[in-house]
Amino acid sequence: VNMYGITETTVHVTHRALEADEPTGADAPSLSPVGRPLDDLSVRLLDSALHPVAPGATGELYVAGPGLARGYLGRHALTATRFVADPYGPPGTRMYRTGDLARWTADGELDYLGRADEQVQIRGFRVEPGESRAALAALDEVADAVVLARPAPGGGTRLLAYVTPAAGPIDPDRLREALRERLPDYLVPAAVIPVDHWPLTGNGKLDRKALPEPEEAATPGGRAPATPQEEIIAHLFAAILEREHVGADDDFFALGGHSLLATRLASRIREALNVTLSVRDVFEAPTVSALARRAHHAGRAPEPLRPRPRPAALPLSPAQRQLWFLQQLHGVGSDYTIPFAARLSGPLDVPALRAAVLDVMARHESLRTVFPATDGQPRQHIVDVADLPEPLTVTDAGGEADELRLYVEEMARTPFDVERDVPLRAGLLRLAADQHVVVLVLHHIAADQWSARPLLTDLATAYAARTGGEAPAWPPLPVQYADFTLWQRATLGWDDDAPHPDGVVAAQLDHWRDALRDLPAELPLPADRPRPPVPSHRGGFARFTVPPAVHTAMRTLARTESTSLFMVAHAALAALLARTGSGRDIVIGTPVAGRHDTALDDLVGFFVNNLVLRTDLSGDPSFRDLLHRVRDTDLAAYAHADVPFERLVDALAPHRSLSRHPLFQVMLAYENRQAGEIGLPGLTTTTVPAFGRSAKFDLTFTLAERDGADGIEGVLEYAEDLFEPATAQALADRLVRLLTEAVAAPTTPLHRLDILSPAERTALLGRPEDTAVPHGDATSTLPGLFAAAAAAHPDAPALAGPDLATGDRTELDYRQLDTAANALAHDLIAHGVRPQDRVAVMLPRTVEAVVALLAVARTGAVYLPVDPDYPADRIAHMLTDAAPALVLTTPGTPASDGVPRLEIDGAPHARSADDPGLWRTQRPDTAAYIIYTSGSTGRPKGVAVTHTGLPALARTLADAFGAGPGDRVLQFASLSFDTSVWEIVMALFSGAALEIVPADRRLGEPLAEFLAEHQVTHLTVPPAVLAALPEDAVAPGTTLIVAGEACTPALVRAWAPRTRMFNSYGPTETTVDATLWRCDPDRLRPEDTSPVPVGTAVAGTAALVLDAALRPVPPGTPGELY
């Protein structure tokens, strides 16, 4: 049995029974499987924000339960840092912070990975040596392994591996090659050193100090640098990537470089060789030798950034100027705050922290700059240190529920007035003597996300010095932000109004005018609500994680295609937006650091610039082809990144609107390293999530590589004006799903990349039985369904309306209607009508017309209604196209060339006969009627509708509307429209009465009087007809259905509260109805311009919304309805 435990948890925590036939070698589990927790203990794997980590991801191990010790004897501060409140247990319970790292396996067991304090940073990635050790120990040649982090000869940190052989000699190079196939490059040890046995200490533990250092090779592998330029660039590769040796043909990205490091490399080469070299050059010529050749032919670098004389009125940078103007436009607010928060456990020296905050403000002029105006023009005013306000406010916690979160949010949303308030605010919430929460809030006008590292590093340095009673002894900053502002204006060429015609910005603007020509004003998004005229900027957050395996595949694809991880993410986001209704011209914004000079590396300031990335997704490219398009777009943008975004907007002069961000509404940010941790010496710090509730864009996707191989953490910030939380979370999850498929099969066309989860797909497509063709016999046909209703309700009123002879109102019960239809059916048979012949019924709105429909059905023939008021050419087209065997009409109607006629003149109730019975041999899949479309898109088309859908239609109408004996259903529609079939089925298949409204009473006040006079309980009318009715035309409780055209929200709000109102949608081709919605004003959006829902699919029908490739689209995405 392998057990894991600690003294503080009563000896043991977990156990795992080991079997004699445990797999070994490559099939072995991770290095130290420790199994499952004991029964009286709970184990939690949490991240730095105390959120549970996913299976396979690394987290810190916490233990809860009755086995916890009270604490450390006489060491209250240490007890407070290790025995902490349990957010997942009952109130008042604690959990122990072990400091050990572990991960859950797929089968619910724990793998022990080592100590949290063994974590190191390798080339910008946070690494646990235990992961590398586990992979190494799993190789067949290795009996056991140890991986340590040791200082690299060139500075930085490297991993060294020590192994004992399983049998025979070990080839270190072959082991490193095997690890490259299993691990990211930064987890592969710089060297593997074989040892015969492990050196041990006196108590039997590994003596790490006794392990030997590797013997450095005299010359590195590969071709050595041959020219001074190659040598300098090779040294820069090694310094930035923390490599010992770099050859002339080594590739920057193959060695672990990424886009942020590429920016740094270009800046360092410009500084070292005094040449103009861009990030694009690094991507296009990524080896030492290729970059040296580019440098040889490059022009001279621009004037270096150095301190400059300050004018009396210090101007703002373009980015600062934009934020200043936004405050003038919208007033003082908190839309542009950047918060950082951390929980501090241990003895905190509050005066030292207060002094440290003041030290940082003194060091960085940007943190004590305000922006007053003179004659309407803003200027920078740097406040003297002696005039700064109290830098830190201390608040004692009151013990209220959720106090910590509310305190952080209140700090983040307290507004800054940039004309008067210094742009840094610090607050301290005292929870207990040794428990505090510190919050730093900056205004964006003074800082950006890349300012976090210098700000927090300087704060830690200053605090360490002040706790020792000294001032911080840091080296002076090369420049201040004001120097950058003056240098930027002089070097790139502009004043407050416009760029200089021969300046750098003017030349770059030509590129942007061409790249962004005819840019869409707005990117369509799958929003839940229409865009308001003026946004509230309220924001919400949805979190997501890109799994480790997908992260590794992204990195592999990026290296294979000579791109960056950002470009892979950009391609995936563009593909997602295209698949969710944004079209094929996708515009995304992205922030770039804007720190082109190494003098800015350690400076707090607002250097970030937003780039506009426009991607063409036409032609359904594969993901690999799209990635190449994105690479070209992004590199061109990087090469022209000096144009401030505000100047770009002014130059392009797009149609401006307060309702949306100009040029782009979706932002993608990619962070390559951990940022935003407040680490103070002598204290245990835990990051507290700190987000403002302000959304500057419709959607902002932020991806952060925070834990090396543990995947990518993502946050989607969304505008609450537009999106519901569930919609935003679904979008984030779809991005992960698309990324997973795309990097696994990059040659796949975009339309085949699945963005729906299995559950979503099932919900959207329905179950197979939902759309199965119903089986039945003749009783399931139109005459069979009517015969059943007539037999059940022979004496109930069935049909009322004008008769053909006099126009007077005539009423028939079901028995009379049944026998009258039989009599007319015998007449039709006598005139040669046989099953499936087409019979044109050209009669006015009378009871005879309905009798004729039933009579045609009784013969087994196909009913073809023809409105006698139609134009002659339309009637002629219908009769020629349908080729009926007989026309049933009245005397005096124009003759139909070559078509036999049967003329009737009324008195249907005067005749009766038995059922001729021809319909009883029919199958439901034979044609029941033909309805001709309106012809609005061309010549009218005849739609042959079978009996198959009629039982489902009858069931839908019965379930939804409940018509039956005693009810009266209005027959409003023209008999040539399929809505008339809906009305007839609703009444005559349920035992209700069908009430035909005369043609001259179908609108306005006459219709209202008819409804009241005949006590109509169910009516179906077009929205335009309903809008023309008086307010009291429909009695309370009446079933009211609108159909035939789009219904407005105003109609729903007016009529739904006092009626049973429904909105129906359905083309003729789907047996009248396809979807139905019970109108509920409370479920409408507030805006009157929003559409009224048409509901869900009715019985026996599936409603599918598909894209051009016939794949289901996600909820919220436009598609074609099938």
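In UniProt numbering, the protein residues as written are 1 to 1122.
Backbone N, C-alpha and C fix where the C-beta goes; we use that ideal spot for every residue, glycine too.
These numbers come from a predicted model, not from an experiment.
By how many angstroms is the C-alpha of ASP421 removed from the C-alpha of GLY376?
Within the sequence shown, the letter at position 376 stands for residue 376. Within the sequence shown, the letter at position 421 stands for residue 421. Using only the alpha carbons, I get a separation of about 18 Å.
Give the DSSP-derived three-state secondary structure of PHE701 in the structure shown.
For the purposes of this step, residue 701 is identified with residue 701 of the sequence shown, where counting begins at 1. In this structure, PHE701 counts as strand in the three-state DSSP scheme.
Own chain partners of LEU455 with C-beta closer than 6 Å, once the 5 adjacent residues on each side are dropped:
Within the sequence shown, residue 455 is the residue found at index 455, counting from 1. Once the five neighbours on either side are set aside, the close Cβ partners of LEU455 are VAL604.
Between the segment 591-610 and the segment 557-564, are three or more C-beta pairs nearer than 8 Å?
no
Locate the beta strand (DSSP E) running through TRP450, then write down its first and last residues.
As a working mapping, residue 450 is identified with position 450 in the sequence shown. For TRP450, no beta strand (DSSP E) run applies, since DSSP gives it neither H nor E.
Looking only at its chain, what residues have a beta carbon closer than 6 Å to the beta carbon of SER976, apart from the 5 residues adjacent to it on each side?
Walking along the sequence shown from the start, residue 976 turns up at place 976. The residues are PRO865 and ASP867.
Please classify MET3: is it buried, with 16 or more other beta-carbons within 10 angstroms of its beta-carbon, or exposed?
Residue numbering aside, residue 3 sits at position 3 when the sequence shown is read from its first letter. Exposed.
Can you tell me whether LEU918 is buried or exposed? The criterion is at least 16 other CB atoms within 10 Å of its CB, across all chains shown.
Numbered from 1 along the sequence shown, position 918 holds the residue referred to as residue 918. Per the 10 Å Cβ criterion, buried.
Excluding the 5 residues preceding and the 5 following GLY1066 in the sequence, name in chain order all residues of the same chain whose CB lies nearer than 6 Å to its CB.
As a working note, residue 1066 is residue 1066 in the sequence shown. Closer than 6 Å at Cβ, skipping near neighbours: VAL1072, ASP1073 and ALA1074.
Exposed or buried, what is PHE645 when buried is set at 16 or more other beta-carbons lying within 10 Å of its beta-carbon?
Taking the sequence shown and counting its residues from 1, one reaches residue 645 at position 645. It is buried - the Cβ of PHE645 has at least 16 other Cβ atoms within 10 Å.
From VAL1094 to ARG531, what distance separates their C-alpha atoms?
For this step, residue 1094 is matched to residue 1094 along the sequence shown. For this step, residue 531 is matched to residue 531 along the sequence shown. Distance between the alpha carbons of VAL1094 and ARG531: 22 Å.
What is the DSSP secondary structure of ASP417, counted as helix, strand or coil?
Numbered from 1 along the sequence shown, position 417 holds the residue referred to as residue 417. Here ASP417 sits in coil by DSSP.
One or two residues paired with LEU428 in a DSSP bridge
For the purposes of this step, residue 428 is taken as residue 428 along the sequence shown, with counting starting at 1. DSSP output for LEU428 lists VAL394 and VAL438 as bridge partner(s).
Is ARG752 buried or exposed, if buried means 16 or more other CB atoms sit within 10 Å of its CB?
Translated into the one-based positions of the sequence shown, residue 752 becomes position 752. Per the 10 Å Cβ criterion, exposed.
Quick check on this structure: which residue in GLY581, LEU600 and VAL666 has the alpha carbon closest to the alpha carbon of LEU613?
By one-based count along the sequence shown, residue 613 stands at place 613. Of the listed residues, the one whose Cα sits closest to LEU613 is VAL666.
Mind listing, in chain order, the continuous alpha helix (DSSP H) runs of no fewer than 4 residues lying wholly within the segment 846-884?
DSSP runs (the alpha helix (DSSP H)) wholly in the segment 846-884: 847-858 and 872-882.
Could you give the uninterrupted runs of the alpha helix (DSSP H) lying entirely in the segment 980-1057, keeping only those of 4 residues or more?
Listed in chain order, the complete alpha helix (DSSP H) runs (minimum 4 residues) inside the segment 980-1057 are 1004-1013, 1023-1027 and 1049-1055.
Would you list, in sequence order, the uninterrupted alpha helix (DSSP H) runs of no fewer than 4 residues that lie entirely inside the segment 738-802?
758-765 and 782-792
Take the Cβ of ASP959 as the centre, count every other Cβ of all protein chains shown within 10 Å, and call the residue buried at 16 or more, exposed below.
Numbered from its first residue, the sequence shown carries residue 959 at position 959. The residue is exposed, with fewer than 16 neighbouring Cβ atoms inside 10 Å.
Inter-residue spacing [alpha-carbon to alpha-carbon] between residue 1123 and ALA166:
Shown here, the chain extends from 1 to 1122; a query on residue 1123 therefore has no answer.
Between the segment 980-988 and the segment 998-1009, do at least 3 Cβ pairs fall closer than 8 Å?
Look at the beta carbons and you see the segment 980-988 not touching the segment 998-1009: under three pairs across the two are nearer than 8 Å.
Which residues bound the alpha helix (DSSP H) around ASN274?
Position 274 of the sequence shown holds residue 274. Premise fails: ASN274 is in no alpha helix (DSSP H) and is neither H nor E.
Whole-angstrom C-beta distance between GLY714 and PHE701, which should lie under 8 Å
Mapped onto the sequence shown, residue 701 falls at position 701. Mapped onto the sequence shown, residue 714 falls at position 714. Confirmed, Cβ separation roughly 7 Å.
Delimiting residues of the beta strand (DSSP E) encompassing GLN971:
The residue you call residue 971 lines up with position 971 of the sequence shown. Taken as a continuous stretch (DSSP letters only), the beta strand (DSSP E) holding GLN971 covers 968-971.
Cα-Cα separation, ALA446 to ILE382
Here residue 446 refers to the residue found at position 446 when the sequence shown is read from its first residue. Here residue 382 refers to the residue found at position 382 when the sequence shown is read from its first residue. In a straight line, the C-alpha of ALA446 is about 12 Å away from that of ILE382.
Can you name the start and end residues of the alpha helix (DSSP H) that TRP512 belongs to?
Counting from 1 along the sequence shown, the entry for residue 512 is found at position 512. Where TRP512 is concerned, the enclosing alpha helix (DSSP H) stretches over 504-515.
Classify ARG363: buried if its beta carbon has 16 or more other beta carbons within 10 angstroms, exposed otherwise.
Within the sequence shown, numbered from 1, the residue matching residue 363 stands at position 363. Result: buried.
Between the alpha carbons of ASP707 and ALA593, how many angstroms are there, rounded?
For the purposes of this step, residue 707 is identified with residue 707 of the sequence shown, where counting begins at 1. For the purposes of this step, residue 593 is identified with residue 593 of the sequence shown, where counting begins at 1. With a pLDDT of 48 at ASP707, under the threshold of 50, the predicted position of this residue should be treated as unreliable, though the coordinate-derived value follows. Cα to Cα, the separation comes out at about 21 Å.
Quick check on VAL146: buried or exposed, where buried means 16 or more other Cβ atoms within 10 Å of its Cβ?
Residue mapping note: residue 146 aligns to position 146 of the sequence shown, counting from 1. Taking a 10 Å sphere around the C-beta of VAL146, we find 16 or more other C-beta atoms and assign the residue as buried.
Measuring only the C-alpha atoms, how far is ALA944 from ALA928?
Working through the sequence shown from its first residue, we reach residue 944 at position 944. Working through the sequence shown from its first residue, we reach residue 928 at position 928. CA-CA distance, ALA944 to ALA928, rounds to 7 Å.
Beta-carbon proximity check, LEU211 vs PRO199, cutoff 8 Å
Counted from its first residue, the sequence shown places residue 211 at position 211. Counted from its first residue, the sequence shown places residue 199 at position 199. Contact: yes.
With a 10 Å radius around its C-beta and 16 neighbouring C-beta atoms as the bar for buried, classify VAL534 as buried or exposed.
Position 534 of the sequence shown, counted from the start, is the residue given in the question as residue 534. Under this definition VAL534 is an exposed residue.
THR956 and LEU1076 look like a contact to me (Cβ under 8 Å); what is the Cβ gap, rounded to whole Å?
On the sequence shown, residue 956 is found 956 positions in, with the first residue counted as 1. On the sequence shown, residue 1076 is found 1076 positions in, with the first residue counted as 1. Yes, they are in contact, since the Cβ atoms of THR956 and LEU1076 sit about 7 Å apart, within 8 Å.
Quick one, which of PRO378, GLY299, ALA312 and PRO347 has its alpha-carbon nearest LEU323's?
Walking along the sequence shown from the start, residue 323 turns up at place 323. Among PRO378, GLY299, ALA312 and PRO347, the Cα nearest to that of LEU323 belongs to PRO378.
Alpha carbons only, please: which of VAL441, ALA992, SER366 and PRO415 is nearest the one belonging to ILE338?
Residue numbering aside, residue 338 sits at position 338 when the sequence shown is read from its first letter. It is VAL441 whose Cα lies nearest to the Cα of ILE338.
Close Cβ partners of ALA789 (< 8 Å) along its chain, the five nearest in sequence each way excluded
As a first step, residue 789 must be located in the sequence shown, where it is residue number 789. Correct list, in chain order: TYR814, LEU988, PHE989, SER990 and GLY991.
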